[in-house]
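Working notes, beginning with the structure itself.
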Amino acid sequence: MDNQQPVILIVDDEPAQRQLFAAYAESLGMSTRQAASAEEMLEFLAGQQPDMILLDVRLGGMTGIEALPKIHELVPAVPVLLITAYADLRQAVAALKNGASDYLSKPIDLDELKVAIEDALSTSFDTSVAGDQVVPPLPAGFVCESPALRRIVETVAIAAPSDVPTLITGASGTGKELIARLLHEWSSRSKQPLVTANCAALPESLAESELFGHVKGAFTGASTDRLGLFRSASGGTLFLDEIGELPLHLQPKLLRALETNEVTPVGSDKPVGIDTRFIAATNRDLSDDVRVGRFREDLYYRINVVELSLPSLDQRREDIIPLARHFANEYAGRPVRLSPRATQNLLTHSWSGNVRELRNAIQRACLLCRGDVIMPEHLPVTIGERSPDAVLNTDTARLSDVERATILATLDECNGNRTHAARKLGISRRTLIKKLHEFEGDSA
């Protein structure tokens, strides 16, 4: 071991995946070694013994399953955690009988990976400090007060330096493009272009040309060569939103481009090399689309090495008031405050449209607000229809979140002064302190 750090050997034939797993393991406080093949792994094990092995099942040459008996000849006491695609699950389950400690199926959930590593090593990792260390400064205006979004941002910080394909999922309006931009800005490709496109907006007859380009004369109207999205993003990142809308007949070509790092322009028979990081997003359940044949299973697993599932705004209520203030200052062009009742209405509203709905509501309020205070009447009539009493009677858990967010927002507005905040909230300072202690206990 190095400085008493547990050593994990990561075995995967894709450099980007090794880099991702290594970055995550190091964020936990582990020391990492890497091997690109089973043969390279066995050579390493002949001279050194790690504390555990993270082994992909599918490798060029000897597979992870085939390597298991040889691993246990060399290092019988070392736990082996298998990484497997869905199609290999039966093999992985069988491998447990042959000495594997556990397996994880792709796409890999990093929290699940952490638990599996802890189980294998009979230890636990405190990531409360490591998480802060790995997250670079957030861009101006990026609101991230809620624990739910902070966990996503911490995963982005780990995934960004690698080139692994990433799938961002979540309902409309949750900020999927914002997360894609964060992945790009925190990567080594940040100085190169980020090219974005919406698959639902690509005309089906021209989608192939839009993605892969075409040569002059390829079809009627092709008067010049066209690079296409992949080559336009070369050296940088391509972000395809609404990937579930990609026509089925183009999905094999997209898969080939991602696997070979080559595209073939329409009208040409000569592949062209590309160097592009790929990020996709969807508000659909692609696993359901795979089951009914609307989306290719092999493509689904190819684009979904890391999945970032964005929480709805209702699941990150601590962000509602900071977001509202940010939008208000953006649209009003001057400091604008929220009245206590407007704050309460925003916090108790069910945000089916997520951040996009909140942005539109605040934009409207800024147009109607002639002073520097947004009142309930400036908000859309649907915001505030549910009274706090109705929320209390129907959704105690949500009220608890609202209470917490209201108190924290008021404290922020009062620059942390508890006396002023308690007065503004209409409660005693002692009650406020008691509530804050309760919140600390809930988050422990």
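Quick note: the sequence shown uses the numbering used here, first residue 536, plus one each step.
The C-beta atom is built at its ideal place from N, Cα and C for all residues, glycine as well.
- The beta carbon of N839 sits closer than 6 Å to the beta carbons of P642 and L702 from its chain, once the five residues preceding and following it are set aside; these are given in chain order.
- Distance from the CA atom of I942 to the CA atom of S744, rounded to whole angstroms, is 53 Å.
- D776 counts as buried, since at least 16 other C-beta atoms from the protein chains shown sit within 10 angstroms of its C-beta.
- Pairing E892 with G676 gives a Cβ-Cβ distance that is not under 9 Å.
- Closest in alpha carbon position to E578, among Y559, K605, A635 and L563, is K605.
- Note on geometry: alpha-carbon atoms of I968 and T945 lie some 13 Å from one another.
- Contact between L594 and V699 is ruled out by a C-beta separation of about 17 Å, above the 8 Å threshold.
- Between the region 838-858 and the region 794-804 there are fewer than three C-beta pairs closer than 8 Å, too few to call the two in contact.
- Here G808 carries a strand assignment [DSSP, helix/strand/coil].
- Contact check between the region 707-723 and the region 756-763: fewer than three CB pairs, one atom from each, fall below 8 Å, which does not count as touching.
- In its chain, beyond the 5 residues on either side, V730 have a beta carbon closer than 6 Å to the beta carbon of S767.
- As DSSP reads the structure, T731 sits in a beta bridge with F774.
- Exposed is the label assigned to R905, since fewer than 16 other Cβ atoms lie within 10 Å of its Cβ.
- Across the structure, E938 and Q850 are spaced so that their CA atoms are roughly 14 Å apart.
- For H749, the pairing in a beta bridge is given by DSSP as R761 and V801.
- Inclusion of P541 and D591 in the CB contact set at 9 Å is not warranted, their separation being larger than that value.
- With respect to the C-alpha of V841, the residue from D644, T619 and I545 having the closest C-alpha is D644.
- Rounded to the nearest whole angstrom, the C-alpha separation of L617 and A635 is 7 Å.
- Annotated as proximal: L589 and D547, with beta-carbon spacing under 9 Å.
- Secondary structure note for I588: its beta strand (DSSP E) is the uninterrupted segment M587 to D591.
- In the structure shown, F556 adopts helical secondary structure according to DSSP, grouped into three states.
- Across the set D947, A560 and G705, the C-alpha of A560 shows the shortest separation from the C-alpha of L656.
- Per DSSP, D833 has no beta bridge partner at all.
- Taking the CA atoms as reference points, P915 sits about 42 Å from L834.
- Using a C-beta cut-off of 8 Å, the region 734-749 makes no contact with the region 671-687, since fewer than three inter-stretch Cβ pairs fall below that distance.
- Residues E777 and E780 of the same chain have their beta carbon placed closer than 7 Å to that of A735, with the five preceding and five following residues left out of the count.
- With 16 or more other Cβ atoms inside 10 Å of its own Cβ, S722 counts as buried.
- Under the DSSP assignment, L902 falls in the alpha helix (DSSP H) whose first and last residues are N889 to L903.
- Nearest C-alpha to Q727 among L746, S640 and F765: F765.
- Here A859 has L873, L881, L893 and I897 as same chain residues with Cβ atoms under 7 Å from its own Cβ, once five neighbours each way along the sequence are excluded.
- Nearest C-alpha to A694 among A753, G708 and L718: L718.
- Per DSSP, reduced to three states, the secondary structure at Q786 is helical.
- Between the alpha carbons of E647 and S640 lies a gap of roughly 10 Å.
- Per the DSSP secondary-structure output, I814 pairs in a beta bridge with T701 and F774.
- Beta-bridge pairing by DSSP links S874 to no other residue.
- Counting other Cβ atoms within 10 Å of its Cβ, N796 stays below 16 and is therefore classed as exposed.
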